[in-house]
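In terms of our numbering, the first sequence is residues 1 to 383. All C-beta atoms, glycine included, are put in the ideal place defined by N, C-alpha and C. The model shown is predicted, which means the values in this text are computed figures rather than measured ones. A quick write-up on the structure given underneath.
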Amino acid sequence: MLSRLSGEFAQRAGALEAEIQTLAGEPLNPGSPKQLGDILFGKFGLPGGTKTKTGQWSTGARVLDDLAEQGHALPRKILDWRQVSKLKSTYTDALPSYVNAQTHRVHTSYALAATPTGRLSSSEPNLQNIPIRTEEGRKIRRAFIAADGHKLVSADYSQIELRLLAEIAGIEALKKAFREGLDIHAMTASEMFGVPVKGMPGEIRRRAKAINFGIIYGISAFGLANQLGIEREEAGAYIKKYFERFPGIRDYMEETKAFAKKNGYVLTLFGRKCHYPDIANPNPTLRAFNERAAINARLQGTAADIIRRAMVRMEPALAKAKLSAQMLLQVHDELVFEVPDSEVEKTLPVVEKVMSQAPLPALSLYVPLAVEARAAQNWDDAH
DNA sequence: TCGGCAAGCCAC
DNA sequence: AAACGTGGCTTGCCGA
């Protein structure tokens, strides 16, 4: 399956490379950002070029996307080439080399204490970054299949960090929205822009969604502008508006920063410390970076605590229910299991319950933790 | 030839 | 310079 895809990607990369040579008008290694930048902004003199910190022309996806929209042919071809090359080298070529001779399966390594927030990390190979966003990428995900007579079950927490934000910051409107199962991004947009949720334009909701994610990451006008492709001033106005409508979140962020500065760490809801020794550094850039990381750490770290509790309880819970599901993977807010066909029906509610009840009895959250679980032959269809 | 950095990009 | 959080992998490139 994957080797067939490798061949497909190789062929397409080759064809694209030929077109790229023609458009560039000279030999160009499409994998060399340096060469590409010199051609686009030097030789062709295209507008809008920016430099990286080392003085090279930036040729990231956003830059090339902008140039493509202005009608230039080469940037689009480069982006297409990069996509198939990435999928081939990182996934379809690499994954088969990790198949274990005894088990005939790929086994990842999890680092349990490797991130500042308490998340796991996965390596050799990293199975926490298997593609899902594009159709081409999903072909790779479809290669992850259950054994004969089995299904893969994927169970993930829905918007867990946003729920934890509502809970920790104590935002009544958001907490209520989650309890009532409302569309939280549409609701945010409605609150901010005074647009009814019903019949809301997609673009309005998209912007509110970006703001919600930005808040989780310790928002800055620069980052939001970058994400949305708008001016910094406009992004700043959005943030101002957001905080006017949800002053509790601004207070939460300020309190988190003050606590971190005083103590050098922040706490997850379960009381685990995440350390930020540079939080009071006189370098304003470094300090701001640590402030955003500290704000994010309470949410990301609490989510990491919750899924860890679920994982610890999962095996005994399955055993008690006389179920033989095997827990295979953790992907931050998702657990993947291999389950005999005949046990799928009984396994789903056990998995959902262990995950959604994981904070208990240490914590009783007001906001429910919704879990979506599905079974299918391959990982993509289970998602 | 090897190691490390930079750029870029995949995921949550 | 970098500029919205957490990771890992690959390629190109440069210097030892």
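Checklist line | Best match in Ile171, Pro201, Lys151, Ala208 for proximity to Glu345 [C-alpha to C-alpha] | finding: Walking along the first sequence from the start, residue 345 turns up at place 345. The shortest Cα separation from Glu345 among Ile171, Pro201, Lys151, Ala208 belongs to Lys151.
Next item on the list: Give the C-beta separation of Gly301 and Gly118 to the nearest angstrom, bearing in mind that I take them to be a contact with Cβ-Cβ under 8 Å.
Entry: As a first step, residue 301 must be located in the first sequence, where it is residue number 301. As a first step, residue 118 must be located in the first sequence, where it is residue number 118. Indeed they touch by this definition, with Cβ atoms about 5 Å apart.
Notebook entry, point to check: If you draw a straight line from the alpha carbon of Ala210 to that of Ala101, how long is it in whole angstroms?
Noted result: On the first sequence, position 210 is the one that residue 210 refers to. On the first sequence, position 101 is the one that residue 101 refers to. Going from the Cα of Ala210 to the Cα of Ala101 covers about 44 Å.
Checklist line | Reduced DSSP category for Ile391 - H, G, I as helix; E, B as strand; rest coil | finding: In the structure as shown, the chain starts at 1 and stops at 383, and residue 391 therefore has no counterpart that could be examined.
Checklist line | Cβ shell of Leu299 (< 8 Å), same chain only, five flanking positions each side left out | finding: Taking the first residue of the first sequence as position 1, residue 299 is located at position 299. Around Leu299: Glu161, Leu164, Leu165, Ile168, Ile216.
Check: Taking the DSSP output, what are the residues bridged to Tyr110?
Finding: On the first sequence, residue 110 is found 110 positions in, with the first residue counted as 1. According to DSSP, Tyr110 bridges with Ser122.
Notebook entry, point to check: So, helix, strand or coil for Asp341, using DSSP?
Noted result: Locating residue 341 in the first sequence gives position 341, where the first residue counts as 1. Note: Asp341 maps to helix in three-state DSSP.
Note to self: Quick check: what's the CA-CA separation for Thr32 versus Lys88?
What the structure shows: In the first sequence, the residue the question calls residue 32 occupies position 32. In the first sequence, the residue the question calls residue 88 occupies position 88. Checking the sequence, you will find Ser at residue 32 rather than Thr. For Ser32 and Lys88, the distance between alpha carbons rounds to 17 Å.
Check: On the three-pair Cβ rule with 8 Å, is the segment 329-336 touching the segment 280-292?
Finding: A contact between stretches requires three or more CB pairs, one per stretch, nearer than 8 Å, and the segment 329-336 fails this requirement with the segment 280-292.
Margin query: I'd like the span of the alpha helix (DSSP H) that includes Gln35, first residue to last.
Written below: In the first sequence, counting from the first residue as 1, residue 35 sits at position 35. Per DSSP, Gln35 belongs to the alpha helix (DSSP H) from 33-37.
Checklist line | Buried versus exposed, by CB contacts within 10 Å (16 or more), Ala316 | finding: Numbered from its first residue, the first sequence carries residue 316 at position 316. Looking at the sequence shown, residue 316 is not Ala but Pro. By the neighbour-count criterion, in which 16 or more other beta carbons inside 10 Å mark a residue as buried, Pro316 falls on the exposed side.
Next item on the list: Ignoring anything shorter than 3 residues or poking outside the segment 158-242, list the beta strand (DSSP E) runs there in chain order.
Entry: none
Checklist line | Alpha-carbon spacing of Val339 relative to Thr90, whole angstroms | finding: Mapped onto the first sequence, residue 339 falls at position 339. Mapped onto the first sequence, residue 90 falls at position 90. Those two C-alpha atoms are separated by around 28 Å.
Next item on the list: Using the Cα positions of Arg205 and Val99, report the straight-line distance between them to the nearest angstrom.
Entry: Against the first sequence, residue 205 aligns to sequence position 205. Against the first sequence, residue 99 aligns to sequence position 99. When rounded, the distance between both Cα atoms is 43 Å.
Next item on the list: Would you tell me roughly how many angstroms separate the C-alpha atoms of Ala373 and Asp381, rounded to the nearest one?
Entry: The residue labelled residue 373 in the question sits at position 373 within the first sequence. The residue labelled residue 381 in the question sits at position 381 within the first sequence. When rounded, the distance between both Cα atoms is 11 Å.
Item checked: Where the beta strand (DSSP E) containing Lys273 begins and where it ends -> As a first step, residue 273 is located in the first sequence; it is residue number 273 there, counting from the start. Segment 273-275, the beta strand (DSSP E) holding Lys273.
Item checked: Neighbourhood of Arg12 by C-beta distance below 6 Å, restricted to the same chain and skipping five residues each side -> Residue 12 sits at position 12 when you count from the first residue of the first sequence. Same-chain partners within the cutoff: Val84.
Check: Based on Cα-Cα distance, which residue from Ala362, Lys353, Val336 lies nearest to Gln128?
Finding: On the first sequence, position 128 is the one that residue 128 refers to. Comparing Cα positions, the closest option is Val336.
Next item on the list: Can you tell me which of Gly60, Lys43, Glu254 puts its alpha carbon nearest to the alpha carbon of Thr52?
Entry: In the first sequence, the residue the question calls residue 52 occupies position 52. Checking every option, the nearest Cα to that of Thr52 belongs to Gly60.
Next item on the list: For His185, count neighbouring C-beta atoms within 10 Å of its own C-beta (all shown protein chains included) and say buried if the count is 16 or more, exposed if not.
Entry: Residue 185 sits at position 185 when you count from the first residue of the first sequence. When all chains shown are included, His185 counts as buried.
Checklist line | Cβ pair count under 8 Å reaching 3, the segment 69-84 against the segment 2-22 | finding: yes
Notebook entry, point to check: Hey, would you say Val371 sits closer than 8 Å to Met355, going by beta carbons?
Noted result: In the first sequence, the residue the question calls residue 371 occupies position 371. In the first sequence, the residue the question calls residue 355 occupies position 355. It is a contact, given that the beta carbons lie within the stated cut-off.
Checklist line | Cut-off 7 Å between Cβ atoms - residues of its own chain near Gln326, not counting five sequence neighbours on either side | finding: As a first step, residue 326 is located in the first sequence; it is residue number 326 there, counting from the start. Around Gln326: Phe337, Glu338.
Checklist line | Short Cβ contact (8 Å threshold) for Ala155 with Glu19 | finding: The count along the first sequence starts at 1 and reaches residue 155 at position 155. The count along the first sequence starts at 1 and reaches residue 19 at position 19. Not a contact, by the Cβ cut-off of 8 Å.
Margin query: Whether or not the segment 214-232 and the segment 124-144 are in contact is what I'm after, with contact meaning three or more pairs of Cβ atoms, one per stretch, closer than 8 Å; do they touch?
Written below: Counting Cβ pairs under 8 Å, fewer than three are found: no touch.
Check: Along the chain, which unbroken stretches of the beta strand (DSSP E) at least 3 residues long are found entirely within the segment 308-333?
Finding: 326-330
Item checked: Counted within 10 angstroms of its Cβ, other Cβ atoms place Asp453 as buried (16 or more) or exposed -> Any property of residue 453 remains undetermined from this structure, which presents the chain solely from 1 to 383.
Margin query: Taking the beta carbon of Val312 as the centre, do at least 16 other beta carbons fall within 10 Å, making it buried, or is it exposed?
Written below: Residue 312 sits at position 312 when you count from the first residue of the first sequence. Burial call: exposed.
Next item on the list: Compare the Cα-Cα distances from Tyr242 to each of Phe222, Asn212, Tyr252, Leu269 and report the closest residue.
Entry: Taking the first sequence and counting its residues from 1, the one referred to as residue 242 is at position 242. Selected option, being the one with the closest Cα: Asn212.
Next item on the list: Report all residues from its chain with a CB closer than 6 Å to the CB of Leu36; omit the five preceding and five following residues, and keep chain order.
Entry: Taking the first sequence and counting its residues from 1, the one referred to as residue 36 is at position 36. Closer than 6 Å at Cβ, skipping near neighbours: Thr59.
Check: Any chance the segment 36-49 sits against the segment 64-80, with 3 or more Cβ pairs inside 8 Å?
Finding: yes
Note to self: Using CA atoms only, rank isn't needed, just tell me which of Gln56, Leu40, Leu28 is closest to Leu64.
What the structure shows: Within the first sequence, the letter at position 64 stands for residue 64. The shortest Cα separation from Leu64 among Gln56, Leu40, Leu28 belongs to Leu40.
Margin query: Please report the distance separating the alpha-carbon of Leu28 from that of Glu17.
Written below: Here residue 28 refers to the residue found at position 28 of the first sequence. Here residue 17 refers to the residue found at position 17 of the first sequence. C-alpha separation (whole angstroms): 9 Å.
Notebook entry, point to check: What do you get for Tyr157, buried or exposed, if any count of 16 or more other CB atoms within 10 angstroms of its CB means buried?
Noted result: One-based indexing of the first sequence puts residue 157 at position 157. With 16 or more other Cβ atoms within 10 Å, it is buried.
Check: Measuring CA to CA, which of Leu182, Ala294, Val153 is closest to Leu348?
Finding: Counting from 1 along the first sequence, the entry for residue 348 is found at position 348. Among Leu182, Ala294, Val153, the Cα nearest to that of Leu348 is on Val153.
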